[in-house]
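To start, the structure itself, in structure tokens.
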Amino acid sequence: MSQVATLPDPLEEVAPPRGRHGGAAWAVWLLRRIGLALLTLWLVSVLVYVATVALGDPVRAILGRDYNSNPGRVAQLEAQLNADQGLVARYFDWLGGLLTGDPGTSLANQQPVWGQISANVLNTLVLVLLAAAVMIPLAFGIAMISAHYRRRRPDTVIQTILLGLAGVPEFVIGILLVALFSTTVFHVLPAVTLVSPTGHPWDQPAGMVLPVATLVLAVTPYVSRIVRATLLEVLDSDYVELARLKGIPEPVVMRKHALLNAIVPGIQVIALQLAWLAGGVVLVETLFAYPGIGRQLVDSVRNHDVPMVQALSMIIAAVYIAVNLVADILSILLTPRARTAISQ
Amino acid sequence: MTTTSPDAPNGTPMATGSGGLVIEDLGVTLTGRPVDVVDDIDLVLRPGEVVGLVGESGSGKTTVGTSLLGYSRAGALISSGRVLLEDRDVLTLPWKEVRKLRGEEIAYVPQDPASALNPSIRIGKQLVELQELRGIGTAESRLEGARAGLAEVGLPNDDEFLKRYAHQLSGGQVQRVALAMAFLPKPKVLVLDEPTTGLDVTTQKMVLDTMAELCRTYRVSALYVTHDLAVVANIADRVAVMYAGQIAELGPKDTIFANPAHPYTRALLDSIPHLSQARALSGIPGRTPAPGARPDGCRFNDRCAFVVDRCRQEVPALRTVAPDHEVRCIRVEEIGTWDINRGTVPDADPDKARDVIMSVEGLDVFYGRKRVVHGVSFDLAKGEVVALVGESGSGKTTISRSVGGLHKEWTGTIRFEGRELAKSARSRSVEDRRRIQYIFQNPYLSLNPRLTIEQIIKRPMELFGIAKGKQATDRVVELMEHVALGSGMLHYQASRLSGGERQRVAIARALAAEPDVMICDEITSALDVSVQGSIVALLEGLRQQRGISMLFVTHNLALVRSIAARVEILQAGHVVESGSVVTVMDTPREDYTRTLLSNSPRID
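In order, the protein sequences belong to chains A and B.
First residue of the first sequence? That's 1 in the UniProt record's numbering, and the numbers climb one at a time after it.
First residue of the second sequence? That's 1 in the UniProt record's numbering, and the numbers climb one at a time after it.
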């Protein structure tokens with residue numbers, strides 16, 4: 001039973017990390033994550049298709065009261081939608097088209113869907129990325145100032161303002177901004193985006209200011225509050241106390257020791273907010289007459305333009321999945337414990 | 001391993017310029033309220049000297065430690081006194097100078113190895129961070145220094161090691177990296193805040209040896225803050241005992257351990273188990289008063305065995321009773337001498353007839369496909385305490401959880417009164433579950449915070465149909481008296497209780513089921529020694545009066561000597577040596593047992 005026991009060498013208590021870079025392990029892990037993302041996207045495509053086509057007769061939905069009075073139009077639409085084929089066959093037709101870059105033809109104006117939405121996709125993308133570029137440093141900056149003054153006056157003031165902003169719907173913020181800068185008080189910025197049929201909104205940079213500002217004000221409070229909460233937790237940790245007792249200046253403690261460990265929850269909430277922005281900026285786009293996909297989606301739903309709705313839904317879903325995938329990868333890369341777990 | 005320092009005349013601050021640190025009349029109060037956290041602290045750290053600052057939780061020892069660096073935690077501020085490093089007062093220096101002084105002249109080694117290093121910065125970078133910021137040396141010289149520092153604390157210093165993160169090190173390695181980091185700028189004074197708490201004895205010994213070696217080599221003065229008197233006995237030159245925010249006794253190590261003069265120091269020493277002989281541990285009644293709730297007069301008067309009326313009125317001052325020996329007690333001359341062997345009792349009789357109630361045969365335990373316990377066999381007799389001893393990862397808790405039915409991935413047989421027990425508690429009979437009770441390590445997590453003490457203790461009675469209603473309440477009161485808790489706490493929630501009181505509630509809850517076997521999983525390791533002493537006394541009483549058998553899991557060999565009759569020494573899931581406590585501890589057969597014994601800090 002009892003056996004000769006030697007004292008373990010304490011240097012051997014933890015196995016040294018194997019595999020210098022674990023490149024292969026990383027590739028496998030990444031491929032798995034991308035595979036999962038694609039699987040999710042495929043499931044979304046099924047849902048989108050079922051929701052838009054299979055539930056009820058789309059032709060009847062499109063024509064409404066005209067359905068009974070206009071049999072010619074009914075036949076035309078049915079031909080366009082391949083209504084005589086089975087549901088599964090139609091789905092794969094549609095999916096094939098989607099994969100080859102041809103998501104069909106708009107029912108409203110008989111134009112190819114892709115030609116109509118490509119410009120708007122770009123417009124929305126630019127709007128969201130601009131908002132993100134302003135929002136991320138702003139939110140982190142506010143969070144760091146707030147955490148630095150924890151529970152003292154500057155922090156209280158900042159938190160009150162953030163909470164107020166978070167409580168106001170974004171279109172109210174937009175209306176207030178318009179009133180302040182374009183109509184009632186000052187007249188410095190245009191209230192609507194004017195775009196020539198071939199141009200882009202950013203041809204007139206002044207017109208971008210208010211939409212971007214509205215989005216930034218709508219999203220910053222959430223990100224900032226989450227980052228502040230995480231920062232406070234990290235600032236109470238032993239290693240931050242040690243850094244201070246080691247004589248590290250406070251700004252460096254905040255930037256290197258605290259922020260680095262508070263960034264991951266920030267990334268997660270930024271991803272959620274960006275994904276929400278991609279699909280949920282309808283109100284802001286409407287308010288500023290900005291030609292983006294949110295507004296286009298609403299119009300398409302109103303027109304019962306099934307191929308348009310399908311294509312836009314898929315694009316929004318793809319953005320959601322892509323943004324979250326990127327956030328997950330970044331989170332892992334920024335968490336040494338998780339990162340080294342993969343390469344071992 | 002201790003350094004001897006030239007005896008300086010007592011009380012007079014050392015001539016400055018030769019290193020060392022002088023603390024004068026230091027006081028820390030809560031912000032916003034005039035409540036003292038610590039006050040009237042006078043202490044001298046001579047060059048090359050290690051001073052142990054000992055106290056129970058809540059005594060203010062860590063507050064004093066960080067004050068030396070001009071730092072106080074949120075909610076407290078340093079309100080008075082001077083901390084003199086050479087001729088500069090750390091507390092009145094401009095902020096920027098204090099920051100420069102930290103790390104370079106006064107360094108700090110933190111408590112918890114799990115959280116002491118930044119999890120997202122590589123070891124190599126953390127080591128040189130301070131010098132990099134201060135622009136000391138070149139990149140190459142800093143790297144060179146970091147490598148030399150790691151070699152000094154006995155760690156590898158190749159690129160691979162420098163590139164590791166904190167989570168890729170063991171607890172002992174983290175603490176040694178923290179030591180290397182503290183020594184890198186060649187400080188004059190070192191503050192160590194319980195750096196070995198939570199480490200195994202072998203690792204602890206290594207960290208302590210490294211620290212002593214470095215202090216001696218560089219003539220660094222160190223303040224070693226700890227609750228563990230045994231550790232202090234092994235490394236300190238002088239010892240300051242703190243109680244309720246003040247120094248109660250201060251003197252050379254040998255004096256403190258051979259002739260303790262303050263009743264509190266004596267009571268602390270009485271509650272420590274010895275490796276060489278079993279003791280009847282006594283513990284100290286009551287609990288350390290929190291800031292703002294400290295009694296008038298002598299702060300120890302409500303727990304002191306020698307208290308007289310005068311102690312409640314007169315505020316004692318720190319008086320010199322012998323050269324270099326100061327005591328804060330007005331009755332020093334009246335309370336007689338103290339003997340280290342007080343409380344010694346005969347060891348458990350190894351030849352006593354045993355009436356086996358539970359036996360474990362060929363126990364293999366698995367976590368998933370990994371086997372963590374290999375063919376362990378032992379048995380437990382009626383009214384007997386069997387200790388499972390080992391370092392972390394030895395499988396001691398895993399075994400106890402398997403016996404208790406909390407872990408079910410095991411093979412082998414566990415017999416209880418000759419019957420085979422089912423694997424999980426869920427599949428055991430109600431009677432078996434009632435008769436085997438489990439007490440957990442951490443009383444802060446094992447009591448439901450939403451229930452009152454009465455509800456917590458009553459629960460097993462209702463569950464097992466032992467009593468209900470009024471009758472059950474009466475029994476709760478009875479049990480609470482048995483574990484030395486007042487019935488006034490009946491309607492308290494657990495959050496109002498101290499750690500020791502919570503553990504008593506947990507014991508009362510186990511007793512409520514009227515068990516025959518209690519499995520005690522490290523139940524004193526989260527508690528102060530004085531509380532540990534009284535819990536052990538309580539368990540001993542239960543064993544004698546009720547004949548309850550106990551499986552006592554611990555990493556503390558000295559404690560085993562005082563509580564157990566038999567011991568199983570575990571290593572990496574194997575039983576290395578087993579037998580009666582006297583045999584195993586006095587004449588160990590295996591090298592591993594001998595190593596454990598020699599690495600355990602001891603005061604006897």
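The beta-carbon is built from N, C-alpha and C at its ideal position, and this holds for glycine as well.
Contact list for the segment 53-71 of chain B against chain A, Cβ threshold 8 Å | Thr66, Leu69 and Tyr71
For residue 606/B, three-class secondary structure by DSSP = The structure shown does not extend to residue 606/B, since chain B is modelled only from 1 to 604, so the question has no answer here.
Mark Gly149/B as exposed unless 16 or more other C-beta atoms lie within 10 angstroms of its C-beta, in which case mark it buried.
-> buried
Taking just the CA atoms, how far does Ala27/A sit from Asp228/B?
-> 50 Å
Apply the 10 Å Cβ neighbour rule to Gln175/B and answer buried if 16 or more other Cβ atoms are within range, or exposed otherwise.
-> buried
With C-beta atoms as the reference, is Ala143/A less than 8 Å away from Arg60/A?
-> no
Taking Cβ positions only, does Asp305/A come closer than 8 Å to chain B?
-> no
Cutoff 8 Å: Glu233/A Cβ touching any chain B Cβ | no
When the Cα atoms are used, what is the spatial distance from Thr3/B to His262/B?
-> Low confidence applies to Thr3/B: its pLDDT is 41, below 50, so where it sits in the model is not reliable enough to give any reading.
Three-state secondary structure assigned by DSSP to Cys215/B | helix
Same chain only: Cβ atoms within 6 Å of Ala15/A, ignoring 5 sequence neighbours per side | Below a pLDDT of 50, predicted positions are generally treated as unreliable, and Ala15/A, at 43, falls in that range; the measurement from the model is reported next regardless. Correct list: empty, nothing qualifies.
Coil, strand or helix - Val315/B by DSSP = coil
Is DSSP giving Asp40/B helix, strand or coil here?
-> strand
Taking Ala338/A as the reference, give the member of Arg279/B, Ser120/B, Thr398/B and Thr452/B with the closest Cα.
-> Ser120/B
Which residues in the same chain as Val385/B place their Cβ atom closer than 7 Å to its Cβ, once the five residues preceding and following it in sequence are excluded?
-> Arg543, Met550, Phe552, Ile563, Ala564 and Ala565
Quick one: which residues of the segment 103-118 of chain B get their C-beta closer than 8 Å to a C-beta of chain A? List them in chain order.
-> Gly103, Glu104, Ala107, Tyr108, Pro110, Gln111, Asp112, Ser115, Ala116, Leu117 and Asn118
Closer than 7 Å, Cβ to Cβ, to anything on chain B: give me those residues from the segment 208-239 of chain A, in chain order.
-> Ser237, Asp238 and Tyr239
If the cut is a Cβ gap below 8 Å, which residues of chain B does Val252/A touch?
-> Leu133
Of all the alpha helix (DSSP H) runs that stay within the bounds of the segment 365-432 of chain B, which reach a length of 4 or more residues?
-> 396-404
Determine the burial state of Gly469/B: buried for a count of at least 16 other Cβ atoms within 10 Å of its Cβ, exposed for fewer.
-> exposed
Three or more beta-carbon pairs under 8 Å between the segment 343-353 of chain B and the segment 274-282 of chain B, yes or no?
-> yes
Do you know whose CA, among Val113/A, Gly72/A and Leu95/A, lies nearest Val309/A's CA?
-> Val113/A
Could you tell me whether the segment 132-142 of chain B touches the segment 75-85 of chain B, using the rule of 3 or more Cβ pairs below 8 Å?
-> no
Which residues in the same chain as Ile293/A place their Cβ atom closer than 6 Å to its Cβ, once the five residues preceding and following it in sequence are excluded?
-> Asn120, Val121, Thr124 and Leu312
What residues are listed by DSSP as bridge partners for Pro112/A?
-> Thr105/A
Just how far apart, CA to CA, sit Phe186/A and Val192/A?
-> 15 Å
The segment 157-169 of chain B: which residues have C-beta closer than 9 Å to a C-beta of chain A, in chain order?
-> Glu160, Phe161, Lys163, Arg164, Tyr165, Ala166, His167, Gln168 and Leu169
Under the assumption that Val35/B contacts Gly292/B (Cβ atoms under 8 Å), give the Cβ distance between them as a whole number of angstroms.
-> 4 Å
Separation of Asp296/B from Glu333/B, as counted between CA atoms = 22 Å
Do the segment 415-429 of chain B and the segment 394-401 of chain B make contact, defined as three or more Cβ pairs closer than 8 Å?
-> no
Thr554/B - partner residues in DSSP beta bridges = Val389/B
DSSP three-state assignment for Thr226/B, whether helix, strand or coil = strand
Where does Pro260/B sit, in a helix, a strand or coil, going by DSSP?
-> coil
How close, in whole Å, do the beta carbons of Arg266/B and Lys253/B come, if the pair is a contact with beta carbons under 8 Å?
-> Incorrect: roughly 16 Å between the Cβ atoms, too far for contact.
Does the separation of the CB atoms of Trp29/A and Ile342/A fall below 8 Å?
-> yes
Segment contact, 8 Å Cβ cut-off, at least three pairs: the segment 102-115 of chain B with the segment 180-198 of chain B = yes
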